[in-house]
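To start, the structure itself, in structure tokens.
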Amino acid sequence: MNPQIILFIIKLILGGIAAFLAIFVMSKTRDASWMFLVAGFLFSYAALVADLMAELGIFNTAAVTVLGLPLIPLLSAVIPGIMFIVAFILRLCKKQ
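In this note's numbering, the protein residues as written are 2 to 97.
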């Protein structure tokens, strides 16, 4: 078995557990900072699934480009980070 596929399987299992727990936390709290943190984990898992599908050849990620960069890998890298940044900023700005 290809070691890269084994690594993807491990990432999918651990990411799935993290996504499940994030959804569980989202049902328990309605705080905006927690919601953005949960969204960051969910987008991170979706990016992992998209990377796996591209690796398996299910779809071509280089088909759509923006300024010479492939769109799907760009969004996969940017959106989770933005969600985490917004979550931490909201948490820092929240009055205790």
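Glycine included, each C-beta is placed from N, C-alpha and C at the ideal position.
Assuming Gly58 is part of the alpha helix (DSSP H), what are its boundary residues? Counted from its first residue, the sequence shown places residue 58 at position 57. Neither: Gly58 is in no alpha helix (DSSP H) and is coded neither H nor E.
#### Entry: Proximity below 8 Å, CB of Leu57 to CB of Thr66
Working through the sequence shown from its first residue, we reach residue 57 at position 56. Working through the sequence shown from its first residue, we reach residue 66 at position 65. Their beta carbons are not under 8 Å apart, which means Leu57 does not touch Thr66 by this criterion.
Within a Cβ cutoff of 8 Å, which residues of the same chain sit near Gly69, ignoring the five residues on either side of it in sequence? Counting from one through the sequence shown, the residue named residue 69 turns up at place 68. The answer is none, since no qualifying residue turns up.
Query - Bridge partners - Val67, DSSP secondary structure assignment - result: Here residue 67 refers to the residue found at position 66 of the sequence shown. Answer is Leu70, bridged to Val67.
**Study point:** Contiguous alpha helix (DSSP H) assignments of at least 4 residues, all confined to the region 26-60
**Key:** 33-57
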